[in-house]
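One line per chain: the protein sequences are A and B, in this order. This note's numbering numbers the first residue of the first sequence as 168 and each following residue consecutively. This note's numbering numbers the first residue of the second sequence as 501 and each following residue consecutively. Beta carbons: idealized from backbone N, C-alpha and C, even for Gly. The structure appears right after this line, and notes come after that.
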Amino acid sequence: VTPQRALPFVVLSIVLACPDIVSASGAHSLTRAVLSVTPQFPRVGDRWHLSVEIQSADSMLHPERKVRIVGEMTGHPMRPVEVELTRAGGETDYGGDVVFTMRGSWKVTLRLEDVNEVLLTTFDLEVGGLDASTGWSEMRTIYDLHRPVRPNLVPPIWVVVGTIVLTLAFEVAAVVIVRRRATVPPPVSRPAPSAGSRPVSFPA
Amino acid sequence: VIEGVPLPLVYLGAAIVMLVSFAGLALAGPRLESDPGSYRTLDVLRDPLVRVALRWPATRSLAQAVTIALFLFIIVAGLFGAQQGGSNIATLLTWTYWWVLLVVFVIFFGKAWCYICPWDAIAMWIERHPIVSVPGGRLSLGLKWPKALRNLYPAAALFLGLTWLELGYGVTMRPELTAYVGLLMFFLSLAAILIFERRAFCRYGCLVGRIAGLYSLFAATEVRARDANFCRTTCRTYDCYRGNSDGEACPTFQFLGGMNKNTYCIYCMECLRACPHDNVAVNLRGFGRDLVKPSPVRIDEAAMVIVMLAMSTFHGITMTPVWVRIIVGLQRTLHVGYLTAFSLGMAGFLTALFMLYVVFVAFSYGAVRLPSMGMKQLAIRYSYSFLPIALFYHLAHNVLHFSIEGGALVPLLSDPLGWGWNLFGTASITPTPLLPIWTVWITTVGFILAGHIWSLVAGHRIALQIHQSRRMAIRSQLPMVAGMIAYSILSLWIVSQPMQMRTGL
């Protein structure tokens, strides 16, 4: 069996078998928010309009679903700005206005709260003064939503120890085999090419 | 996270693609028929300082020490830092800086990444410094790489695996998984060096080296024999291939007298040290010189080019809203989980692009039949003409990522592990795009156009080598031009879509 012939079977096996095994380990799942903001850059005291479209395999409307925007000022101890977006049109569309109360750097969190879980994304935002440019009239952006805390799949110290142990194991195994081979004479030895001979063929 | 290129700019780009394609074919003149093997070069080794630096083994060790330190830093940050892509420097350094800038690096410096590769450096150090002494002093079984795997298929499989991990499993946004990928590459490199002779993994298995290898056909640098004829006829010791006390045998089994492409050279400079005849040159040259050299051409290289072409586009598509609709549709229709739907989508896209390529080649083969060349051979030859289009789309895609996400390095330098540090007082700075958005858009479209034009030229030169007359060459090339137009317009459409960024910013 050549690799060329085996490749389709390998690919098919990966496509069919692997994903569900991997999914069971709590890996990535796709829930995205397409966020449209008007205008592009918010200014202090102005209304900043947000529209959110939730995209996921499970994006049917849940009666209990809430979509919130939480803004926290970085570097200043201020009360967070929090707005719950309301349904707008389709089952997956939400909208609302946010007013930022101070110019400067903000950390904005978009939270999707379903019955069973919370998904969120966080992005940085610069809120300008009244004289600042508002940029484009509308800006669309896409965010992957994820769970609030992502624990390590494996404790990091185990990984470090495992790496060292595995490296040493590789090395010890190689040492044992190399030493054993050195004590056993090779069964058949071809004559070494003389210094003047040309190599028969070289790989292209 | 970025808004796509505005539609007027996309339409303008598409119009230029069409215009250039047909005008280019109509005007393609005899200038393109010149010998692709002859071009002007500038040997940087004529400068004594450069020569001494490149011959000195410690230069490489010092450069590798820097990349090893960075590699270990990324592993530590990935394992111990906050597990949010945007808060951990591991994902940013790996996917936004290294992976993105690698392509730019290859265009200018060819395979110079391999010169400083940390995986190979650590594995090599372990091989040369075994825990206990072994006969010969080198800890390697020195076995031959399996004959069935002496091609680019292992690297292609690894590349597909990495793409699956990156886009399906979300590795680019997960610091811990980023560290695992780094460790996996190290273990593959270590295992190969302990089991097989020379650097068989670098030659056949390393996806980074092989992608860079094919892209470096376009590179502005090359390592070559100053006089290849001397190597073939006068040299009797073949020190570049066999090694000697001054330099090692070529790690990737290259013989300077026969090497006329960059693909497998890893710029390790061992031949420079080993050659007793001072017959090695490190040349600066024009871009794309290796693309149209008639030989050698290989089916595994052609397959790798198509995989690279498909995966470059696939990267772009998965970051658009359309991809989410496709995946969601698959999940609902087939009642499968996300990863299964993603894997099916990825396999479907790859298969579709392969089949489309075969269809275009079949039209080309049907347009002008050649008794001396079958369809398979034609498919292999023409595949190289698609390299610039893949390379420049990759570049355009990466410009988007780098210009938008690159600024995040400033706050992350102060808080690399996301632990709330503020080492340099920059942790609270809001990252801003490195370039104005209009500059990014124009650069993106410009790269796509440049790739298209370069592919047209390369395709035409290849057609001229295959066919006896210019008229036949153009007839044969027309279907391939149609394929290039379709690909470029698809690329323009992708960049017009809003895009999700890599590191969860």
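#1: Could you have a look at ARG551 of chain B and say whether DSSP puts it in helix, strand or coil?
#2: For my contact list, TYR882 of chain B and MET980 of chain B are in at a C-beta cut-off of 8 angstroms; report their separation, rounded to the angstrom.
#3: Taking DSSP as the reference, what is the three-state secondary structure of LYS274 of chain A?
#4: Please determine, among B:ILE880, B:GLY513 and B:LEU934, the residue with the shortest C-alpha to C-alpha distance to LEU900 of chain B.
#5: Pull up the distance between the alpha-carbon of ALA349 of chain A and that of PRO751 of chain B, whole angstroms please.
#6: Taking 8 angstroms as the CB-CB limit, is LEU683 of chain B close to chain A?
#7: Taking DSSP as the reference, what is the three-state secondary structure of PHE755 of chain B?
#8: Express the C-alpha separation of GLU239 of chain A and MET245 of chain A in angstroms, rounding to a whole number.
#9: Label HIS835 of chain B either buried or exposed according to how many other C-beta atoms from any shown protein chain fall within 10 Å of its C-beta, with 16 as the threshold for buried.
#10: Could you work out which residues of chain B lie near TRP241 of chain A, taking near to mean beta carbons separated by less than 7 angstroms?
#11: Within 10 angstroms of its Cβ, does ARG172 of chain A collect 16 or more other Cβ (buried), or is it exposed?
#12: Provide the residue span of the alpha helix (DSSP H) that contains ASN898 of chain B, from first to last.
#13: Taking 8 angstroms as the CB-CB limit, is ALA515 of chain B close to chain A?
#14: Who are the neighbours of GLU293 of chain A on chain C, taking C-beta pairs under 9 angstroms?
#15: Compute the distance between the beta-carbons of VAL342 of chain A and VAL632 of chain B, then report whether it is under 8 angstroms.
#16: Quick one: what's got a C-beta closer than 6 angstroms to SER991 of chain B's C-beta in the same chain, skipping five residues either side?
#17: In the DSSP output, which residue or residues are listed as bridge partners for HIS216 of chain A?
#18: Would ARG724 of chain B and ALA781 of chain B qualify as a contact pair, given that the criterion is a beta-carbon distance under 8 angstroms?
#19: With DSSP collapsed to three states, give me the class of ILE188 of chain A.
#20: Between the alpha carbons of GLY586 of chain B and GLU905 of chain B, how many angstroms are there, rounded?
#21: Taking just the CA atoms, how far does THR253 of chain A sit from PRO318 of chain A?
#22: Using 8 angstroms for Cβ pairs, my map puts GLY682 of chain B next to PHE571 of chain B. What's the rounded Cβ distance?
#23: With respect to the alpha helix (DSSP H) encompassing LYS876 of chain B, which residues constitute its N-terminal and C-terminal limits?
#24: Taking Cβ-Cβ distances shorter than 7 angstroms, what residues in chain B pair up with ILE344 of chain A?
#25: Taking DSSP as the reference, what is the three-state secondary structure of SER969 of chain B?
#26: Would you check if there are 3 or more beta carbon pairs closer than 8 angstroms linking the region 560 to 580 of chain B to the region 872 to 888 of chain B?
#27: In chain order, what residues of the same chain have a beta carbon less than 8 angstroms from the beta carbon of VAL285 of chain A, not counting five sequence neighbours either side?
#28: Any chance you could list the alpha helix (DSSP H) runs of at least 4 consecutive residues sitting entirely within the region 305 to 349 of chain A, in chain order?
#29: Between ALA191 of chain A and ARG703 of chain B, what straight-line distance do the alpha-carbon atoms span, to the nearest angstrom?
Result, derived from the coordinates:
#1: helix
#2: Between TYR882 of chain B and MET980 of chain B a beta carbon distance of about 5 angstroms is seen, short of the 8 angstroms cut, so the two are scored as contacting.
#3: strand
#4: Out of B:ILE880, B:GLY513 and B:LEU934, B:LEU934 has the C-alpha closest to the C-alpha of LEU900 of chain B.
#5: Whole-angstrom Cα-Cα distance: 23 angstroms.
#6: Residue contact check for LEU683 of chain B against chain A: a CB pair falls below 8 angstroms.
#7: Coil.
#8: Cα-Cα distance, rounded: 7 angstroms.
#9: exposed
#10: One point to set straight first is that residue 241 of chain A is Thr, not Trp, in the sequence displayed. Residues of chain B passing the Cβ test: SER928.
#11: exposed
#12: 887 to 905
#13: no
#14: The chain labelled as chain C is not found among the protein chains of the depicted structure, namely A and B.
#15: yes
#16: TYR893 and ILE948
#17: A:THR205 and A:ASP264
#18: yes
#19: At ILE188 of chain A the pLDDT is 49, less than 50, meaning the model places this residue with poor confidence; the figure from the coordinates comes in the next sentence. It is helical.
#20: GLY586 of chain B and GLU905 of chain B: Cα-Cα distance of roughly 9 angstroms.
#21: Inter-residue distance for PRO318 of chain A and THR253 of chain A is about 31 angstroms (C-alpha atoms, whole angstroms).
#22: 6 angstroms
#23: 875 to 883
#24: LEU641
#25: Reduced to three states, the DSSP call for SER969 of chain B is coil.
#26: no
#27: ARG278, LEU279, ARG314 and PRO315
#28: As far as the region 305 to 349 of chain A is concerned, it has no whole alpha helix (DSSP H) run of at least 4 residues.
#29: Caution is warranted here: a pLDDT of 44 is assigned to ALA191 of chain A, below 50, making its placement in the model unreliable, and no coordinate value can be reported.
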